[in-house]
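Structure first, then comments.
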Amino acid sequence: MLAQAPTRGGPRNVPGTLSDKHTRSQSAPTSSKTNEPPSASTIDTLRLFLLARYSQSERMLNMENMAEDPVLKEHKLLAPGQPGAPSNMAGAVWKLAKEMFPGVISLSLANNNLTSLLPLSPYFLTSLLPDIENVSFANNRLSHFRDMDPFSPLVGKERKDRKPKGWSKLKELVLTGNPICHSGGTTTTYEREMARRFNTLRTLDQKPLDPSIAFAVTQAREQGVDLDPGLSSRVKSEKAKATKREPVVFPLQATQGFFESDGARDFVGGFLAKCILPSRSVCFCFRLTFGTCRFFAAFDDDRPSLLAAYAPICSFSFHADTAHPVRARAKKIGINGDKRFPYQHKLDWKLYLTPEGSRNLTRVKNPAPSAEKRLATLKVTPSSVVSSIVTLPKTKHPLEESSKFVWDSWTMPNLLAPTVPGGEGETVIYAVVHGEFTEFPTKGVRSFDRTFILAPAPPNSAAQLAGWPCIILSDVLTLRGYSDLAFSKPREPRQPPATTSTTPAPAPAAAQPPAAAAAPERAEGITDDQQALVLQLQQLTRLTYTFAHMCLAQNGWDPNTAMAQFQALQAAGSIPAEAFMPAQ
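The numbering of the sequence shown is our numbering, which starts it at 1280 and goes up by one.
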């Protein structure tokens, strides 16, 4: 209900009440653009028009193709949005709709040949029908994202009376058949623009809205990123205070990485690097392999040596995601005077946007046809892979800091042809690594994602002879602006308060059979001499059997080398506590 009835001749007037008594002497708006309130006969006609278009069961008002409505045509009335229609017609229609159908939640304005939504009087529409959950503007001629601003509770000019604006309950929006669907260049841009205008939106163009887009928009807004350029600073400040809430709780706990099995984890860890594994049981054994060439160490210091690591038929590609990460922007990483990252301003994406190698196909200028560009930038032989990676800037991965990497691994059985006729297909391992590196000579820091498909190195192959446990079938490198991995760190579980318990204390350790009485552990496939070395190393170092076995196995079963590596790591404080047997 409007605060007061408009005066005769005022702009965009709509009658405060639409009773016959109030409007009996008014003239009907036909083809002239009058601002006079509708007459009683016009009101009656509009009631008939609306009655024929409302579905009580669906609580839906169907306002499609109003120009061809038989009731309006019979009475020579121009529908809202038609050229020459009275400016107060739309307001009168929405006022009547509110009185006649107070429970309406769905509205269709499709097929009305609209180039703008302003003739529909968005202010009156959203004020008088505020509970709309589903709306369709399909098959019109809307071209700009800003056309939706008057209906948005978040974007656009605020109301003069400072009351909430727009549809705050909108769940479904249909804009198919409008140029607006393609005005952003990509589907993601279009979805993001709609999500930032309607934070309750769940379905766009009859498809579920990508939750990651809605989530990213929400997070960016909560982190202070300017997503509402149409609002004043005062309104933005008020909205920021109003949207303060508890931290987002994810349905699953964050972890440092996914490993399908210990075997896959061990295999991939041995390939990647000597020190980037999380501090788990397998971490120690790979920290001992200082003498073995690993992938990231070779990528930093000796890229030509990676030639043997790639399969004879392989694939490698790289591309750059040049968008500034929201998390980095929120933490003000790399801004002027940032002592944490003083060299970020020296980084240049042009070094990665090269026509010879970059898969940023739409950004890199290349006179060759698109098909040729796609083929030229996908390297499929070891020599072409190495030729490509040596052109990239020099790097240094912080391999000694496991917190700066997170990786996942899982197996895919029967993906390769069997090596023996009639046998089972070969299993491959997928490995996805997220981390960072320092780029030289700028000394700036970048983040990266790298996806490998690995297979065991064939006997007597170049990879095996060079000391690689596997060969690389596929290698996809994505370079990003720096963003830390804080999101992947598990939160510390809340410890319950200490309470006095009446539960009987467990039996003392002395009551248990002595450990010496049990048979010693023994790994499968080792000789008696190797078993004796493991037990001897246990006695000298108090390592658990598993770690003592790993230490020797990773150092060629040479007890002197294994002991030297143990002492070096112990002095550096690099051995996790779980590697030692509990004190007795």
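Each residue gets a CB set at the ideal place from its N, CA and C atoms; glycine is no exception.
**Own chain, CB closer than 8 angstroms to His1423, minus 5 neighbours either side, in chain order** = Ile1459, Ser1462
**Message:** Within 8 angstroms, do at least three Cβ pairs link the region 1445–1452 to the region 1478–1485?
**Reply:** yes
**Message:** Using C-beta distances below 8 angstroms, list every residue in its chain close to Glu1718, excluding the 5 sequence neighbours before and after it, in chain order.
**Reply:** Leu1626, Pro1672, Lys1673, Thr1674, Val1724, Arg1725
**Message:** By the three-class DSSP mapping on this structure, what secondary structure does Val1813 have?
**Reply:** helix
**Message:** Output needed for Ala1796: all residues of its chain with C-beta closer than 6 angstroms, excluding positions within five of it in sequence on either side, in chain order.
**Reply:** Here the model assigns Ala1796 a pLDDT of 39, short of 50, so the residue's position is not dependable, and the following value carries that caveat. No residues qualify anywhere along the chain.
**Request:** Tell me where the alpha helix (DSSP H) around Arg1606 begins and ends.
**Result:** 1605–1609
**Prompt:** Is the CB of Phe1731 under 8 angstroms away from at least one CB in chain B?
**Reply:** In the displayed structure, chain B is absent; only one protein chain is listed.
**Request:** Give the secondary structure of Thr1690 by DSSP, where H, G and I count as helix, E and B as strand, and everything else as coil.
**Result:** strand
**Message:** Does the contact criterion of 3 or more C-beta pairs under 8 angstroms hold for the region 1652–1671 versus the region 1685–1704?
**Reply:** no
**Message:** Here's the rule: buried if 16 or more other CB atoms are within 10 angstroms of the residue's CB, otherwise exposed. What is Ser1762?
**Reply:** buried
**Request:** Give the DSSP-derived three-state secondary structure of Met1860 in the structure shown.
**Result:** coil
**Request:** Please report how far the alpha carbon of Pro1591 lies from the alpha carbon of Asp1484, in whole angstroms.
**Result:** 46 angstroms
**Request:** Using only alpha-carbon positions, find the residue among Val1453, Tyr1622, Gln1335, Phe1416 that is nearest to Asn1344.
**Result:** Phe1416
**Asked** Quick one, are the C-beta atoms of Leu1388 and Leu1397 less than 8 angstroms apart?
**Response** no
**Prompt:** Given 8 angstroms as the limit, is there contact between the region 1657–1669 and the region 1677–1690, that is, 3 or more CB pairs closer than that?
**Reply:** no
**Asked** Nearest to Phe1574 by CA position, among Pro1634, Ala1647, Leu1678, is which residue?
**Response** Leu1678
**Prompt:** Hey, how far is the Cα of Ala1319 from the Cα of Ser1336?
**Reply:** 29 angstroms
**Item:** Ser1594 - containing beta strand (DSSP E), residue span
**Value:** 1589–1600
**Asked** Which whole-angstrom value describes the C-beta separation of Leu1585 and Ala1576, a residue pair presumed to lie in contact below a C-beta threshold of 8 angstroms?
**Response** At roughly 11 angstroms, the Cβ-Cβ gap does not stay under 8 angstroms, so Leu1585 and Ala1576 are not in contact.
**Prompt:** With 16 as the cutoff for other CB atoms within 10 Å, does Gly1435 come out buried or exposed?
**Reply:** buried
**Cα-Cα separation, Phe1546 to Pro1748** = 8 angstroms
**Asked** Can you give the Cα-Cα distance for Met1379 and Leu1356, rounded to whole angstroms?
**Response** 20 angstroms
**Request:** Note the first and the last residue of the continuous alpha helix (DSSP H) segment covering Thr1717.
**Result:** Here Thr1717 belongs to no alpha helix (DSSP H); instead the beta strand (DSSP E) covers 1705–1719.
**Asked** Does the beta carbon of Glu1679 fall short of 7 angstroms from some heavy atom of the ligand ATP?
**Response** This structure lacks the ligand ATP, and indeed carries no ligand of any kind.
**Prompt:** Would DSSP call Asn1413 helix, strand or coil?
**Reply:** strand
**Prompt:** How many Å lie between Asn1234 and Ala1599 at the Cα?
**Reply:** Residue 1234 cannot be examined here, being either before or after the span of the chain that is shown, 1280 to 1863.
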